[in-house]
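Engineer: Counting with our numbering, you get residues 1006 to 1135 for the letters of the sequence shown. For glycine and all other residues, C-beta sits at the position ideal for the given N, C-alpha and C.
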Amino acid sequence: MTPFSPTSPNEPNLDRPRGTASATVIHAGMTIEGKLRSNGDVVIEGSVTGDITGHNVTIAHGAKVRGTITADMVKIDSQFEGTITCRKLQIDSNAQARGEFNQNILAVAFGARFEGNVTVKQQSSMVMND
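This is the structure:
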């Protein structure tokens, strides 16, 4: 399990503040076009074209998302094309991510296909070994 991952591959990370909405799930076979907004977590298992806003957004294995995502944490385990603005971005080994990525923390797994422009919103301290 990676630092930002949910307890299982298709469950949202529940470290959100109490009192926020429960997860919104777009199941496999569903297609959404337009704006999707939630105060809680969003799990995409189907297809979404448009804008997604949520606390934690997970693009589950087999899903397809094209558009703009704004969230605290975004986890990609499938196909994404567009723009992401978040605090934590996790791109898993099954991911195919292409676009503009604006985040504080970025984790990319071995095997992930990742192409685009990356902007780190806040500089963090890093330790580099020579």
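Among residues of its own chain, excluding the 5 on either side of ARG1071, which ones have a beta-carbon nearer than 6 angstroms to its beta-carbon?
Structural biologist: THR1054, GLU1086, GLY1087
Engineer: Is GLY1067 helix, strand or coil when you go by DSSP?
Structural biologist: coil
Engineer: What are the residues that DSSP puts in a beta bridge with ASN1109?
Structural biologist: Answer by DSSP bridge pairing: none, since ASN1109 is not bridged.
Engineer: Taking DSSP as the reference, what is the three-state secondary structure of GLN1101?
Structural biologist: strand
Engineer: Assuming SER1083 and ILE1064 make a contact with CB atoms under 8 angstroms, what is their CB distance in whole Å?
Structural biologist: 5 angstroms
Engineer: According to DSSP, simplified to helix, strand and coil, what is PHE1115?
Structural biologist: coil
Engineer: Just confirm the distance between the C-beta atoms of ALA1028 and ASP1046, as a whole number of angstroms; I'd bet it's less than 8 angstroms.
Structural biologist: 4 angstroms between Cβ atoms; contact.
Engineer: Based on Cα-Cα distance, which residue from GLY1104, ALA1112, VAL1113, LYS1126 lies nearest to GLU1120?
Structural biologist: GLY1104
Engineer: Going by beta carbon distance, what residues of the same chain come within less than 7 angstroms of THR1036, once the five residues before and after it are set aside?
Structural biologist: GLY1051, SER1052
Engineer: Quick one: Cα of THR1073 to Cα of VAL1125, how far?
Structural biologist: 17 angstroms
Engineer: What residue does the beta strand (DSSP E) around GLU1050 start on, and which one ends it?
Structural biologist: First-last for GLU1050: undefined, no H or E at that position.
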